[in-house]
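Residue numbers (my numbering), protein chains in the order written: chain A, 303 to 632; chain B, 303 to 632; chain C, 303 to 632; chain D, 303 to 632.
Don't be surprised by glycine CBs; every beta carbon is placed ideally from N, CA and C.
Heads up: the structure comes next, in structure tokens.
Number of protein chains: 4
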Amino acid sequence: MQRFALIGAGFIGSLHARNLFRHSNVSLDFIADIDVEKAQALAAEHGALAISIDEVFTTEIDAVLIASSTPTHADYVERAAHAGKAIYCEKPIDLDTRRAEQAVTAVREAGVPLMIGFNRRFDESHAALKEVAMTGELGKIELVQMTCRSQETPPMAYIKASGGQMRDQAIHFFDLLCWLTDDVPVEVHVTGAALSDPSIGEAGDVDTSIATLRMASGALVQIDCTRRTGYGYDERVELFGAEGMAESQRQPHRHLSIYKGSEQISDGLHADWLKRIEPTFYAALDTFVRGLDGEQVDYPNAGAALRAQRIADAATKSLQTRMPVTLTWD
Amino acid sequence: MQRFALIGAGFIGSLHARNLFRHSNVSLDFIADIDVEKAQALAAEHGALAISIDEVFTTEIDAVLIASSTPTHADYVERAAHAGKAIYCEKPIDLDTRRAEQAVTAVREAGVPLMIGFNRRFDESHAALKEVAMTGELGKIELVQMTCRSQETPPMAYIKASGGQMRDQAIHFFDLLCWLTDDVPVEVHVTGAALSDPSIGEAGDVDTSIATLRMASGALVQIDCTRRTGYGYDERVELFGAEGMAESQRQPHRHLSIYKGSEQISDGLHADWLKRIEPTFYAALDTFVRGLDGEQVDYPNAGAALRAQRIADAATKSLQTRMPVTLTWD
Amino acid sequence: MQRFALIGAGFIGSLHARNLFRHSNVSLDFIADIDVEKAQALAAEHGALAISIDEVFTTEIDAVLIASSTPTHADYVERAAHAGKAIYCEKPIDLDTRRAEQAVTAVREAGVPLMIGFNRRFDESHAALKEVAMTGELGKIELVQMTCRSQETPPMAYIKASGGQMRDQAIHFFDLLCWLTDDVPVEVHVTGAALSDPSIGEAGDVDTSIATLRMASGALVQIDCTRRTGYGYDERVELFGAEGMAESQRQPHRHLSIYKGSEQISDGLHADWLKRIEPTFYAALDTFVRGLDGEQVDYPNAGAALRAQRIADAATKSLQTRMPVTLTWD
Amino acid sequence: MQRFALIGAGFIGSLHARNLFRHSNVSLDFIADIDVEKAQALAAEHGALAISIDEVFTTEIDAVLIASSTPTHADYVERAAHAGKAIYCEKPIDLDTRRAEQAVTAVREAGVPLMIGFNRRFDESHAALKEVAMTGELGKIELVQMTCRSQETPPMAYIKASGGQMRDQAIHFFDLLCWLTDDVPVEVHVTGAALSDPSIGEAGDVDTSIATLRMASGALVQIDCTRRTGYGYDERVELFGAEGMAESQRQPHRHLSIYKGSEQISDGLHADWLKRIEPTFYAALDTFVRGLDGEQVDYPNAGAALRAQRIADAATKSLQTRMPVTLTWD
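So this is what it looks like as structure tokens:
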């Protein structure tokens, strides 16, 4: 039984609380939030104890799940590392890559496990795609196509604090890309525009973008990101290899079709990202817990977090300069 | 080059004329119809000569394609047989099975080739299903499901002359069934009703029916037939075997999808049976011609015609008596 | 908060225990089983107390969930009814319809809620089909097609105690049919055979069957049931109406396709019925609990249980006599 | 009846000959080829007369269909224009855009109709996509995704004479893009590599490329092109607008699925581009002929040819310089 403290009792914190509560090998002992009442309400719901954030790093627990606001992540990661706790941290560690690197250094020195919430890896269909890629049956990967389209533009306050579309939205797919292909990009070029909402452009960001990457292996990659579709949450990944192609497809939310006149009207995509992605939160947590229980598991670690962040930085620079940007890896 | 005379210059005759004209190994020399003007117009369109029906059986040709009205088929088949011509005849040979048997006897005595227009066998997807069935990879067939739904009720005059839903519509699927499974039914039970149009019921026919058959091999079969959908022409065949299932699916008429709101709106089925089935007419003709040219081909012959007709007779009897009807084959 | 006692700590009981534990408005207080150790183990897992079956009917609880073996259901239903508890009972109440009717009488006299575990109604796609049917946009229903194919034949011991394919497997679809169409059958004809395993035939049962039903409204229905596919769990429902058709489709278990050579290889169906149906158990329970909490809900009640059972009895009689059987309803 | 002369009796010429022969409003009178025997053989097959290329421009015909080798196109276009014939010319008019512009000037001065063989516009699904785009129901177009993947690398001789992947393969999609969106690109960036065959790289070309375009309207576009898949011909277009998305999808060549074990094995894509695209040749020709017959039709004209060519030139320059290239239009 792994004893957890959860930091953050907001939307994502509550979601994690439900999964921690459900998990038979987890004991959700403590919940902390700078808003004490929020922590108390969520704790009451799941039979946990509300404590202060400082107490999290001194109590008898095995792991900390960090789901607070982004600017607090690096600090909490460092403190949890110093306290010798295993860490599950929502992405990103910090919008500033150097600050994130500092936190990762603390984690590495402490030798504690760190998992980053790149939960798309735990989507069943994407995971099946990874399995296919690893069998080698597609041959050498030559082309990757990723579609990443949110249903609804987040509020401007969120946009402004997000670090931009590359660091906030595309970063999940930068991680997915490296993981699926076991490769890293050496060049990235991004074209973008604020098409759905001019105020996004005024804030210096884009809502529609196409990233083109060249991988170390020579493979080419395209990723299109948009902030709001008129038709639900749309995510899709294609791996094209020398001997075949595999696709983790758009997913209908139910399996109903109506035939009328000259049309077949089917259920469309999931209404929002949470409906599509929700099962991955539990699957990600479960992997982390199995790792704590001693099982050999594969999850997005500190290295993956920094890697995705460096790609997002380069992508952001390309967006700003309108030029391809080179990436080097040692 | 096979020289053809075509009898019948109506809707189906015109369709056959176009295919005969297009075929590079066919010379469409003559067209006959009891309506001489119709024959002349169609002949002019394709550089053929209009002749009388009597002349068809005395001219220098290799084959006769019979696409006239049903009551004339048996007579023309016999005359073509006596004249030693190869025969392609639209189904049925005659609504009365004994009359059809007489005509077949004449064909067999004359030793001429006879092909019946059960053209669904030549649908690419159904033909692929047959190939799968023949590999044995599905294991022993245990269950067959056939869906056969027309887009629009034919005129009452047609219904009244058709011999009923079993002899007119279901008969195509009785043939397809025997061909796909290489088997014959030993029992048939049909439940039906006139649901779309009461005047069909007053005429003693049904427009909606479910036939259940038990095959000699023990396999069970269900066939649903309807006369008018609200959504185009709907045809579908499933073969369920001990080791797998194969499906010749509903077919969209194009491959377009629109995603809007919570829906995916795709192109529906073909607007009518002709749009779905049209390519099979050419494929059927081509098979017949390749047979005339000496190639070893498989097509619905006299035996298949009589077999399907006996099943349709039994199905009609079951509809009338509301009881299962037994079929015996020597 | 509804306080529950669970009777039955076997496979289905354990599944219900997990859902009762997860539900935020449920307190799973007690678990009973004739195998006391099983009850204790399951109770320990969920922080409940193991008690004897007799104690279930005297403790301070709101509801009893009956998931014990079929022959005990009717007795427990009656005792729970006399004790004034709300009842959620796995199907069937009893294999013998008269015994089931007695139990239902007790429930009605006690005035307690009774829900039967016809959980397919709670499948998201079937539920969406029901919504479509209720809008009337399909027009008057004329034809229903249901496919119900299990992945693997249950053990012979199960088969022998099951009451036969109609009472064990088809009964779910008899309930679904009445619910979806808001109608009842007036005639049923079933053709069946033991094709996958002769010992099923020796036990007097079938493993492959086609049921044809005529509804009071005139609509025709076909249901095919098989016990083992070579390809996972296969369930499908089509409602064909005067103005359109709606289909709750076969469901792939993930959304992955591989394109290689001339093939597209996609994820197939769910490996077994539980993988396909599991979410419906929670959804069904949740509906029951919301009803207890005072919400207006629709679920399969005593009347639905008896209705499905009478259809299954008639279907079984048709199988045995090979003749259509008439059903009358007051 | 439009009287045609066909120049070119090779692979594409033969295909055009069959369509010209089939068309009821076309009289295929003459066929010319620099290889006289080829012209004679093809002419014999369709009842036409073989003539010299010079004679084409002096005979009594209405239209010339130019399907000879690319370097001859511009010359023949000019000669046909001077002779006052309507012209259907396979793409491109000339690999050199200035030479193509000269030929177009001759056509414009002569006032004769010129259609370019951008036949993908005539694909039924793409044409349906255009219709959807024109209704405005997708809202303002913001993102376009095009997939253009051939099944098999053409011979090196073809590659070397083709003008490169942009001018040979992508150009069809540059035309499709402008037509579908009624817009032009103002910036293009292409990343490419020779991944399937190093000798393509040695010849200075690529076989895998990703083009990113920014349209005058602000919309962003991505086009991926590959020379050989392991899985047939793969073509797909998505239009993403402010109010919805429409997709002209990958097309299976038949509609057969096999369910076995945990897989659904379906028919894959068309084996090669011709199988997928063949119907568009007839549809394109028919549109041209209807235009000659006085009907108001829309087809790829001289302006479209030059527009696509300028985009292909810019795309080629971007490939070579690895930098975005700007396009200006007056």
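- The Cβ-Cβ distance between Arg-422(D) and Leu-478(D) falls below 9 angstroms.
- A direct Cα-Cα distance of roughly 22 angstroms separates Ile-309(A) from Thr-399(A).
- Restricting attention to Ala-617(A), Thr-628(A), Leu-445(A) and Gly-315(A), the CA atom closest to the CA of Asp-470(A) is found in Ala-617(A).
- Beta-bridge annotation (DSSP): Ile-567(C) is paired with Ile-560(C) and Ile-567(D).
- Contact annotation: Asp-526(A) and Thr-449(A) have beta-carbon atoms nearer than 9 angstroms.
- Asp-484(A) has its alpha-carbon roughly 15 angstroms from the corresponding atom of His-474(A).
- Distance from Leu-621(C) to Val-492(C) at the Cβ level is roughly 5 angstroms; contact confirmed, criterion being Cβ atoms closer than 8 angstroms.
- Put simply, the CB of Arg-516(B) is near chain C, with a gap under 9 angstroms to one of its CB atoms.
- Interface residue (Cβ-Cβ distance to chain B less than 9 angstroms): Tyr-460(C) is not classified as such.
- With a 10 Å radius around the Cβ and a threshold of 16 neighbouring Cβ atoms, Arg-451(D) comes out buried.
- With respect to His-318(D), Ala-369(D) sits close: the two C-beta atoms are nearer than 9 angstroms.
- Within a 10 Å sphere around the beta-carbon of Asp-595(B) sit fewer than 16 other beta-carbons, which makes this residue exposed.
- Fewer than three beta-carbon pairs drawn from the segment 357-367 of chain D and the segment 336-348 of chain D are found closer than 8 angstroms, and the two stretches are therefore not classed as touching.
- In the three-state reduction of the DSSP assignment, Gln-453(D) falls in the coil class, being assigned neither a helical nor a strand state.
- Less than 9 angstroms separates the beta-carbon of Thr-510(C) from that of Arg-529(C).
- Residue state for Gly-546(C) is assigned as strand, using DSSP reduced to three classes.
- Three or more Cβ pairs closer than 8 angstroms define a contact, and the segment 490-509 of chain D falls short of that threshold against the segment 383-396 of chain D.
- Residue pairing from DSSP places Phe-332(A) in a beta bridge opposite Ala-307(A) and Leu-351(A).
- The beta carbons of Phe-476(D) and Ile-613(D) sit about 4 angstroms from each other, so the pair counts as a contact at 8 angstroms.
- Fewer than three beta-carbon pairs drawn from the segment 581-588 of chain C and the segment 555-569 of chain C are found closer than 8 angstroms, and the two stretches are therefore not classed as touching.
- With distances taken between CA atoms, Lys-462(B) lies nearest to Val-508(B) out of Ala-429(B), Val-508(B) and Leu-445(B).
- Taken through DSSP and simplified to helix, strand or coil, Met-436(A) comes out as helix.
- Close partners of Ser-564(A) in chain B (Cβ separation under 9 angstroms): Tyr-533, Gly-534, His-555, Asp-569, Gly-570, Leu-571 and Ala-573.
- Inside the segment 368-405 of chain C, DSSP marks whole alpha helix (DSSP H) runs of 4 or more residues at positions 375-384, from first to last along the chain.
- In terms of Cα proximity to Leu-608(D), the closest of Gln-342(D), Asp-588(D), Ala-376(D) and Ser-354(D) is Ala-376(D).
- Secondary-structure assignment with DSSP links Pro-487(C) through a beta bridge to Met-517(C).
- DSSP, reduced to helix, strand and coil, places Met-458(D) within a helical segment of the structure shown.
- A residue is called buried when at least 16 other Cβ atoms come within 10 angstroms of its Cβ; Lys-562(C) meets this threshold and is buried.
- Taking 9 angstroms as the cut-off, the beta carbon of Val-446(D) is found no closer than this to the beta carbon of Leu-629(D).
- Within chain D, not a single residue places a beta-carbon under 8 angstroms from that of Thr-618(A); the smallest gap is close to 17 angstroms.
- When DSSP states are grouped into helix, strand and coil, Glu-540(A) belongs to the strand group.
- Boundaries of the alpha helix (DSSP H) harbouring Ile-314(A): 313-324, taken from the DSSP string.
- Proximity of Met-547(C) to chain A, defined by a Cβ-Cβ separation below 9 angstroms, is satisfied.
- Around the beta carbon of Gly-506(A), a 10 Å sphere encloses fewer than 16 other beta carbons of the protein chains shown; the residue is thus reported as exposed.
- Within chain C, no residue has its CB atom less than 8 angstroms from the CB of Val-446(A), the nearest being about 15 angstroms off.
- Nearest to Leu-351(A) by alpha-carbon distance, out of Ala-408(A), His-384(A), Glu-380(A) and Ala-311(A), is Ala-311(A).
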